[in-house]
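All remarks here apply to the structure that follows.
Number of protein chains: 2
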Amino acid sequence: MPHTIDAFFRPRGIAVVGASRKRGTLAAEVFHNLVTFGYDGPVFPVNPSAPVVQSVCAYPRVSDIPLPVDLAVIVVPKRFVSDAVDDCLKKGVKGIVIVSAGFAETGPEGKALQDELVRRVRAGGARLIGPNCLGVLSTDDTYRINTTFAAVSPKRGSVSFSSQSGALGVAILDYAQLLGIGIRHFVSVGNKADVSGNDLLEYWEEDAGTEVILLYLESFGNPRRFMELARRISRKKPIVMVKSGRTESGARAASSHTGSLSGLDAAVDAVSAQAGVIRTNRIEGLFDVAMLLANQPIPAGRRVAILTNAGGPAIMASDACDSQGLEVPRLSRRTERALRTFLPMEASVGNPVDMIASANAEHYERATRLLLEDENVDALIVLFVPPIVVDAPGVARAIRRGAEGATKPVLTSFLGTHGVPEALSSLRQNNFPSYAFPESAARALSRVVRYGEWLRQPAGRFPTFDDLDAAAARAVLAGESGRAADRWLSDAEVRTVLAAYGISSPKTLFASSPEGASEAAASIGFPVALKLASETITHKTDVGGVLLDLDSPEEVAEGYRTIAERLGAAGFARDFRGVIVQEMLTRGVETFIGVTQDPKFGPLVAFGMGGVNIEVWGDVVFRVCPLSDVDADQMIDGIRGKKLLDGYRGGPKADRPALVDALLRVSCLMRDFPEIEELDINPLYALEPGQGVVAVDARIRAGSRASTGTTGKATP
Amino acid sequence: MPHTIDAFFRPRGIAVVGASRKRGTLAAEVFHNLVTFGYDGPVFPVNPSAPVVQSVCAYPRVSDIPLPVDLAVIVVPKRFVSDAVDDCLKKGVKGIVIVSAGFAETGPEGKALQDELVRRVRAGGARLIGPNCLGVLSTDDTYRINTTFAAVSPKRGSVSFSSQSGALGVAILDYAQLLGIGIRHFVSVGNKADVSGNDLLEYWEEDAGTEVILLYLESFGNPRRFMELARRISRKKPIVMVKSGRTESGARAASSHTGSLSGLDAAVDAVSAQAGVIRTNRIEGLFDVAMLLANQPIPAGRRVAILTNAGGPAIMASDACDSQGLEVPRLSRRTERALRTFLPMEASVGNPVDMIASANAEHYERATRLLLEDENVDALIVLFVPPIVVDAPGVARAIRRGAEGATKPVLTSFLGTHGVPEALSSLRQNNFPSYAFPESAARALSRVVRYGEWLRQPAGRFPTFDDLDAAAARAVLAGESGRAADRWLSDAEVRTVLAAYGISSPKTLFASSPEGASEAAASIGFPVALKLASETITHKTDVGGVLLDLDSPEEVAEGYRTIAERLGAAGFARDFRGVIVQEMLTRGVETFIGVTQDPKFGPLVAFGMGGVNIEVWGDVVFRVCPLSDVDADQMIDGIRGKKLLDGYRGGPKADRPALVDALLRVSCLMRDFPEIEELDINPLYALEPGQGVVAVDARIRAGSRASTGTTGKATP
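See the structure below:
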């Protein structure tokens, strides 16, 4: 069964509703571009007042057209859109592009209008792109389509591109043309009333002509669906994304650890890492990566050979490789010897291979071939600075010959030349990406190397545990109904919930007097910690509410009084109900697990080193739930403080499997209880290997959210 | 008195030694370019075998030329260079460019040859650029000179550029032309045998036509001189630098804290920060910044207004400003009201100001003027995505009109268009830098904003202390002569040296038995710390050689035995001589001061939070000696862990003035004792405000280096 999106890319006929004779207007340009772009089928102007538009017979209405029309582009003032849509549906049009603006982007009234349109379109068995968009462009052999007002003519290729900003998208198409990047489909999705980026992802997953998917996003419609799709599709085709609006989540409440840490858009970064999406911060980066992916194989590793005719650029390339996590390894002895046979004495046959200024095309060809054959090399960056006697086009052809049959990626930099200029068209014919300066080449390569590593890593499993006591946790969390919808659980409740999911806490007793505290301490065993018991004060250390390492009954009693006094001094005397006396763990590595609810992606789990470290150094890795075993592993590997887990400088070693286990258990807890708004375990003591982990201090905030599951096909 | 470098930029006549008739050869192209570039004076071909070269009468030797010759370009095979130089000197030539290669870059023999040339040139009262270079290019009205083989013709402007890579430099000139950046001087310095980047800095400091200085460096000849010059010149003209070869120092010994931390090229970053040099990592960045500096004023602050006709790019710009440390503030009410008078309802008059797609040239002009007048705004980024009905050149002219008379910088991005294309030439005429995408604009602006902040900060003083006891320190360090040239000082020696420079240590006694340790502890007062006393074991905690917080004579005696046993278990029993018993400081913030000797820049001081933090999180700021008070202040402000100094989450507050004082004292110590190869104070306890700092643990390695002062005019 053909995909519904086919209506846009494989129509039997196209109507332009509103097509006008007056060149320079939007509607006229859209019609003009469609007619001149090379579409094999008929394009019909629809205009109630003009019998002929730009030399083509026009029809008053779409339903008057006597031949099949699968795609209609509506470019009429907003007040005529609704009738135009109805007429299209009457005709049996299957794909409708609404260029006209004035809908959801203008406010609630426009949104209502738009929703009604979508309802009718869907009821009519059609799909809608837009409104407030430029529609589609396709370079397909048979179905050459351009519904945009822009007279762009991108090179045919394998890159499909969805853009949430239409105008920006067209500017970007221009830029792509400059770089010689071949486009297959371009879609300006506008308000995404019906067809969304997710729909296009699914369509391109199956589209044989699409090899690379680019996304320019300003917002996610259905982020969890995006996550699912991207995770699957990235295994087949690379997805490269620029997500702007990175600061939108900055407004989130900053009272919580995880919340304030996740700032910016940690969730989008997490999703990218988990789903294998290559995220770039800049549009330039998007295309630098696309140029490579569209044209060259994915490298098997991170070892890069650099070939040059000048020292300076090679140093720049080495530096860039190094700082991007790539290696510039020694070449095999065999390669070095072979290079020596034809390069001058002054040349350097190490890596970078500097053939010096006298290098000619033949040298480039032979060296390219040798470097690609070297088993120590996964990718090749070829640099060329034009000296007087060697012509760049000749060198470009030589690189092409040298790389013939190679299965490793080749990147080039003809210094100062961005993209592939006409003189180097042989590069373009053979699809060698070319960068103005070597740093961009190294940067793009590093992104693709990391994608290759993601492809090779195991897919990850979502473990289940048979010892989870959801009922016990629910008993605490369901206690909600009678209380404030949004509250911090008591320490005892927190311990109960964690214990239900297999995360243990230190031995703990509550005391409401100095004497009671002493007795409790004696029954637990010394040393103990004393902590303020409060539901209202969240950062206990801030008010001096934590005393550690108390060694005797006297110290404990005295400690109780101290905490009471400090609270009084801080003006919280009325909040003081007592303390908890807690087993004091003296050896273990302080780590941190936190969860916050991302408004788009749901529970976002954080891992880092505990105590104040995480806030001071911001050394934290985020992943979106559910966590796979691979995710949990990568979270621990991803922090800079990782070495503290391995017994750093005489410090204790941590039980790493227990940390992985705890992360996965927290993930299960969040799956089962979406009403948990926030969770922080800080510190989570990681004991010696084999000894497990202990949640020394933890906080949970419960809200009224019933379920965050997606409800079928939401606005995508 | 005219500068000696004038010989290259203001010669009365130019000779090309080796000028050849055969176009396509290096020598022929150099002559051709010189003759056709527009130089007002005479260019003489010098060729012993051709009476006429490219239609110009040739002379067999420079000394045969009957008119004055101030500049000679030597493009002959290496074996003829020496005679050619002698002949030039005989003629009285004052500036010699040696294009020919085969000198210091080929090894010791070539180096000797080159040294001899320099000696003769200097004796002859001339200056030498090269060898192994492309020489100079100048767009000066009267002295239009191009000695390179490249037929580049950069736009005239105020940017002067020194490049250590000649070929790369020419590629870069091409690139600059593409971006519409005006060049004043270009020098390919080659081997820097005589004229160096430093000489050019001094020359350009005084050159009225130069407003911005660009440097492409692969190595520093005389780095300390560079530091001095840059510090001074940056106050008058911005210096923008790309330093490649960033990984060269990676080979440094990794046994020491500071040494291993400084990795990469911390010294170059430090020098840039101290001297106000704008360092970019990429060539693209160099020109993005140069484009701005050459054409626009330096902003008075970091508040940016963004003007756009499409939402997407504005989001990108906001994100980029945010992540580059710029602010996108609210506009004044007055501006908002004024914008409302002519923008449609759908437009957003917040910041960014989104005039939506209907914005025309007049809107751009009026909004540009209003935003530049707003007192909340220090700089303006104008974005434009071409919709159908508005022409980009018209908008470019409108921006020009709107910005007339403004004293704030204006940056533009006509999306997808890098530099200033012909159609936007009105931008070029009025010097508005234009970037392909908004991120590059924000990035360049942030660099210039930081430069502006550097300009406004006080210049910094180099305090002296009258309580330094250099003799006491010398008594310890001079004890060297009889010992190994390179050794770690004993703990007692370290304390003596630090005390001599006013940095105190905790009360400390040595003990060689459990009983002795108990007695020592009693005399110091409990609690105490016990530390292995060893000259051979540098990281004491690694072998369990540190015990803290011992509270009684019994614990101390037991602790002594424990350390002895651990050392035995680790196989170091023979290294055990005893322990030091030390006053235990229970309240203070652990910081770190370290010094390593950078091979180029001399003592490099590091500051960070103490303990393992600095190694694990690499949160450290470096500065090159001598430190000014401003440097010391910025080091403390520069670490992420800074908040731990302010009593974070109930932790102790630190005596910040005492930390500044300690940094300056360490700087004085390094000034007086260059034989100190390495120094680490970790932890340096910062006590409560007013209580000072205490060096709880410290190490000093002394070497045989007598003095690192520069010896007059070294190879620059």
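These protein sequences, in sequence, are chains H and R. Residues in the first sequence are numbered from 744 upward in steps of one, following the numbering used here. Residues in the second sequence are numbered from 744 upward in steps of one, following the numbering used here. Built from N, CA and C at the ideal position, the CB exists for glycine as well.
Linking R/A973 to R/D1415 through their CA atoms gives a straight-line distance of about 24 Å.
At least 9 Å separates the CB of R/S1177 from every CB of chain H. The three-state reading of DSSP puts R/L972 in helix, counting H, G and I together. The three-state reading of DSSP puts H/D1292 in strand, counting E and B together. In the structure shown, R/K854 falls within a helical segment according to DSSP collapsed to helix, strand and coil. For R/M1098, none of the residues of chain H pass the 7 Å Cβ criterion, the least Cβ distance being about 12 Å. Chain H places a beta carbon closer than 9 Å to that of R/I915, counting this residue as a contact. Taking the CA atoms as reference points, H/V1125 sits about 10 Å from H/P1056. Where H/F1180 is concerned, there is no enclosing beta strand (DSSP E), because DSSP gives it neither an H nor an E. CA-CA distance, R/L921 to H/L880, rounds to 30 Å. By the Cβ rule, the region 1363-1372 of chain H does not count as touching the region 1033-1047 of chain H, because fewer than three pairs are nearer than 8 Å.
Separation of R/V1348 and H/G1093 (C-alpha to C-alpha, rounded to the nearest whole angstrom) is 35 Å.
Listed in chain order, the positions of the region 1037-1055 of chain H with a beta carbon within less than 9 Å of a beta carbon of chain R are N1052, A1053, G1054 and G1055. Setting aside the 5 residues that flank it on each side, R/S1261 is surrounded in the same chain by P1296, V1299 and A1300, each with a C-beta closer than 7 Å to its C-beta; the list follows chain order. Going by beta carbons, H/V796 and H/G756 fall outside the 9 Å limit. When secondary structure is reduced to three states using DSSP, H/H1106 falls in the helix class. For the pair H/R1444 and H/D1209, the CB atoms are not nearer than the 9 Å cut-off. No Cβ-Cβ contact shorter than 9 Å links H/S1247 with H/V983.
Between the C-alpha atoms of H/I1323 and H/D1376 there is a straight-line separation of about 34 Å. Per DSSP, reduced to three states, the secondary structure at R/V1011 is helical.
With contacts defined by Cβ atoms closer than 9 Å, H/S903 and H/H928 form a contacting pair. Taking 9 Å as the CB threshold, H/K1250 stays off the interface with chain R. With a beta-carbon spacing of about 19 Å, H/G1145 and H/A1043 fall beyond the 8 Å limit used to define contacts.
Pairing R/P1417 with R/P1346 gives a Cβ-Cβ distance under 9 Å. Residue environment for R/Q1340: buried (at least 16 other C-beta atoms within 10 angstroms of its C-beta). In this structure, the beta-carbon distance from R/A1110 to R/L1188 does not fall below 9 Å.
Within chain R, no residue has its CB atom less than 9 Å from the CB of H/G878, the nearest being about 14 Å off. Distance from the Cα of H/D783 is smallest, within the candidate group H/P874, H/P754 and H/L1430, for H/P754. Counting the other Cβ atoms within 10 Å of the Cβ of H/L958 gives 16 or more, which makes it buried. Look at the region 1380-1408 of chain R: the residues with a C-beta under 8 Å from a C-beta of chain H are R1383, G1384, K1386, L1387, Y1391, R1392, G1393 and G1394. Two segments are said to touch when three or more pairs of C-beta atoms, one from each, lie closer than 8 Å; by this definition the region 911-919 of chain R does not touch the region 943-954 of chain R. Shown here, R/A847 sits in a helix according to DSSP, grouped into three states. Between H/G873 and H/A936, the C-beta spacing is below 9 Å.
Rounded to the nearest angstrom, the gap between the Cα atoms of H/I924 and H/A1202 is 31 Å. Not a single CB atom of chain R sits nearer than 9 Å to the CB of H/E1297.
Straight-line spacing of the CA atoms in H/A1438 and R/G1393 works out to 21 Å.
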